[in-house]
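Number 168 in my numbering belongs to position 162 of the sequence shown; there are no gaps in the numbering.
The beta carbon of each residue, even a glycine, is placed where N, CA and C say it ideally should be.
Keep in mind that this is a model prediction, so the values were computed, not measured.
Structure record follows, encoded as structure tokens.
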Amino acid sequence: MPLKFPETASTSPAFSASSPKYDTYAHIRGYSELLTAPLSEADQQLQSMPDASPAKWHLAHTTWFFETMILAEHLPEYRRFNEHFNYLYNSYYNGIGRQYPRHRRGCISRPSAAEVLEYRRYVDEHMRRLFDRGLTAEQAEMIELGLHHEQQHQELILTDIKHALFQNPMYPAYMPATKQTIMLADEAFRHGDSMADTGQVQNSTDKQNAASNGSSGDGLQFVNIDSGLYEIGYADEDFSFDNERPRHRVYVHAFQLANRLITNGEYLEFMRSGGYQNPAYWLSDGWTWLQASDQKHPMYWVERDGEWFEFTMYGLQPLRPDGVLVHINLYEAHAFAGWHGARLPTEAEWEVAAQSEISSRAFERSLQANRLHPPNWSECNRSDARIHQLMDSVWQWTAGAYSPYPGFQPFKGNAGEYNGKFMANQFVLRGASCVTPASHRRVTYRNFFYAHQRWQFTGLRLAR
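Right under this line is the structure:
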């Protein structure tokens with residue numbers, strides 16, 4: 007059966023920091039539970055590596071955020087659901103207290119998944135009481151942060167369970183591909199009623215999607231961007247993370263940005279030409295990672311009898327040459343770019359180029375159809391934009407080190423630990439992925455990961 011929200015959810019207004027509504031809160035919270043609906047109790051317990059967390063932990067941690075950051079601070083009569091949860095589900099907030107070791111989260115067999123849902127109901131009911139009393143500006147801002155925090159974990163639920171399921175040699179699917187749909191009802195909150203009939207995305211094994219050969223995509227083209235003084239960063243009154251602010255001026259030299267993302271077929275050429283064996287293409291740390299890990303292809307690629315397959319949320323599928331390259335790390339992106347005679351874009355270059363396309367109808371349409379795997383290049387709407395696949399496929403590695411903007415001010419209080427303390431030894435990714443909730447996407451959004459990590463929906467756009 008298709009997974010979908012009640013019809014009333016599709017008519018709810020978009021949320022904003024100035025007037026968050028409880029139905030918006032409930033809608034976003036409900037979507038997290040929708041994502042775990044295909045999972046068994048055992049599935050929700052899985053932790054396949056220290057970087058990932060069990061689905062059940064994500065559901066509890068996002069609830070802990072509202073309990074600790076909002077209810078405990080702003081609802082005088084509130085009593086915690088379970089005092090132990092403040093230790094079990096605190097992720098990294100040292101100002102609040104100690105945290106259960108991240109790499110052992112899979113050992114938290116109790117509370118059960120059902121008890122975690124009870125925890126969510128308890129917190130949600132008390133949040134309703136807070137909404138009913140009327141929110142102060144401070145409360146509204148913190149709730150807005152909590153909702154965007156929940157959306158971040160919605161993406162992590164999917165990427166973490168994908169990594170866990172991949173460890174099983176049967177390559178089980180999170181959801182069957184044939185005739186299955188999932189409603190990413192978050193779309194309606196961004197676009198209003200006009201989105202109500204476009205929220206369902208069908209992923210089928212029809213002739214096109216099951217094809218295992220064919221072109222890797224149209225020839226790559228580069229779009230010229232003039233040099234000049236530009237502004238980047240967020241400046242509007244509604245929500246953004248603190249690391250997106252303040253808006254500031256940057257000088258950008260003339261450059262070219264690829265009109266689309268790199269495809270599987272193009273990356274196969276790099277592999278077959280000996281790209282993983284040639285140190286000339288690799289950063290020193292990348293070559294060290296390569297030798298230590300003995301990697302020879304992107305994560306989730308599987309070779310059988312000379313044919314390549316790709317593990318997806320729908321199970322193991324034939325690798326599409328025109329499919330978007332996904333699940334590579336910064337080292338692999340850098341090596342491919344060098345082999346191709348190009349480079350990674352800087353963070354400022356990516357945003358400057360994306361700003362020029364933001365009003366495009368093609369850009370807006372790209373937000374109408376979230377799915378659980380990036381759409382193939384042949385499926386992209388290319389009617390009226392110069393640069394495609396900006397915000398609907400994969401997070402795109404940049405050459406930018408994750409660092410504060412000039413004049414950066416962290417969130418107030420304990421929320422100040424949200425972003426700023428991670429601004430060391432990580433790289434910025436831009437855009438959004440196929441599993442990023444639509445109302446969570448912004449052209450100014452700064453995602454960040456370590457150079458070796460690749461279990462997120464990460465890909466590559468070239469610059470020169």
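{"Check": "Leu-466, buried or exposed, once every other Cβ within 10 Å from all chains shown has been counted against 16", "Outcome": "buried"}
{"Check": "Distance between Thr-294 and Arg-196 (C-alpha atoms, nearest Å)", "Outcome": "At Arg-196 the pLDDT is 40, less than 50, meaning the model places this residue with poor confidence and gives no usable figure here."}
{"Check": "Buried or exposed (CB count within 10 angstroms, at least 16 for buried), Tyr-257", "Outcome": "exposed"}
{"Check": "Backbone CA spacing between Val-330 and Ala-354 [nearest angstrom]", "Outcome": "23 Å"}
{"Check": "Endpoints, the alpha helix (DSSP H) within which Gly-406 is located", "Outcome": "Per DSSP, Gly-406 belongs to no alpha helix (DSSP H); it is in the beta strand (DSSP E), 401 to 407."}
{"Check": "Alpha helix (DSSP H) runs wholly inside the stretch 412 to 451, at least 4 long, in chain order", "Outcome": "none"}
{"Check": "The alpha helix (DSSP H) enclosing Gln-50, as first and last residue numbers", "Outcome": "47 to 51"}
{"Check": "Between the CA atoms of Asn-230 and Arg-108 - distance to the nearest angstrom", "Outcome": "45 Å"}
{"Check": "Supposed contact pair Phe-317 and Phe-172 - C-beta distance, whole angstroms, cut 8 Å", "Outcome": "5 Å"}
{"Check": "Outcome for Glu-309 when other beta-carbon atoms lying within 10 angstroms are tallied against a minimum of 16", "Outcome": "exposed"}
{"Check": "Distance between Ser-279 and Asp-244 (C-alpha atoms, nearest Å)", "Outcome": "48 Å"}
{"Check": "C-alpha gap between Asn-453 and His-379, whole angstroms", "Outcome": "19 Å"}
{"Check": "For Gly-495, the first and last residue of its enclosing alpha helix (DSSP H)", "Outcome": "Past the boundaries of the shown model lies residue 495; the chain is included only from 7 to 470, so the question cannot be answered."}
{"Check": "Outcome for Gln-462 when other beta-carbon atoms lying within 10 angstroms are tallied against a minimum of 16", "Outcome": "buried"}
{"Check": "Beta bridge counterpart(s) of Glu-237 as assigned by DSSP", "Outcome": "Arg-255"}
{"Check": "With 16 other Cβ atoms within 10 Å as the buried cut-off, status of Gly-281", "Outcome": "buried"}
{"Check": "Counterpart residues of Arg-310 in DSSP-defined beta bridges", "Outcome": "Glu-313"}
{"Check": "Bounding residues of the alpha helix (DSSP H) (the contiguous stretch that carries Leu-41)", "Outcome": "28 to 42"}
{"Check": "Residues that DSSP places opposite Thr-142 in a beta bridge", "Outcome": "Per DSSP, none; premise fails for Thr-142."}
{"Check": "Where the beta strand (DSSP E) through Leu-350 begins and ends", "Outcome": "It is not in any beta strand (DSSP E) - Leu-350 carries neither H nor E in the DSSP assignment."}
{"Check": "Beta-carbon proximity check, Tyr-240 vs Met-133, cutoff 9 Å", "Outcome": "no"}
{"Check": "Buried or exposed by the 16-neighbour rule on C-beta atoms within 10 Å, applied to Tyr-451", "Outcome": "buried"}
{"Check": "Identity of the residue in Asp-291, Ala-339 and Ser-246 nearest Thr-269 by Cα", "Outcome": "Ala-339"}
{"Check": "Among Ile-393, His-159 and Asn-96, the one whose alpha carbon lies nearest that of Tyr-37", "Outcome": "His-159"}
{"Check": "The stretch 141 to 158 in contact with the stretch 96 to 110 per 3-pair CB rule at 8 Å", "Outcome": "no"}
{"Check": "Contacts around Tyr-320, its chain only, beta-carbon distance under 8 Å, and the 5 residues preceding and following it disregarded", "Outcome": "Ala-179, Tyr-180, Met-181, Pro-182, Ala-183, Gln-186, Asn-209, Leu-378 and His-379"}
{"Check": "One or two residues paired with Pro-82 in a DSSP bridge", "Outcome": "DSSP output for Pro-82 lists no bridge partner at all."}
{"Check": "Alpha-carbon spacing of Gln-232 relative to Ala-444, whole angstroms", "Outcome": "According to the sequence provided, residue 232 is Asp. The question's Gln does not apply to it. When rounded, the distance between both Cα atoms is 30 Å."}
{"Check": "Pairwise C-alpha distance: Phe-276 and Lys-302", "Outcome": "11 Å"}
{"Check": "Three-way DSSP call (helix, strand, coil) for Phe-454 in this model", "Outcome": "strand"}
{"Check": "With 16 other Cβ atoms within 10 Å as the buried cut-off, status of Glu-54", "Outcome": "Residue identity differs from the one stated: residue 54 is Ser in this sequence, not Glu. So Ser-54 counts as buried."}
{"Check": "Euclidean distance between Cα positions of Arg-127 and Arg-35", "Outcome": "10 Å"}
{"Check": "Rounded C-alpha distance that separates Val-122 from Gly-234", "Outcome": "52 Å"}
{"Check": "Selection from Asp-130, Arg-470, Asn-420 and Ala-430 that minimises the alpha carbon distance to Ile-102", "Outcome": "Asn-420"}
{"Check": "Short Cβ contact (9 Å threshold) for Ala-469 with Leu-350", "Outcome": "yes"}
{"Check": "Other residues of its chain near Phe-137: CB distance less than 6 Å, five sequence neighbours each side excluded", "Outcome": "Tyr-28"}
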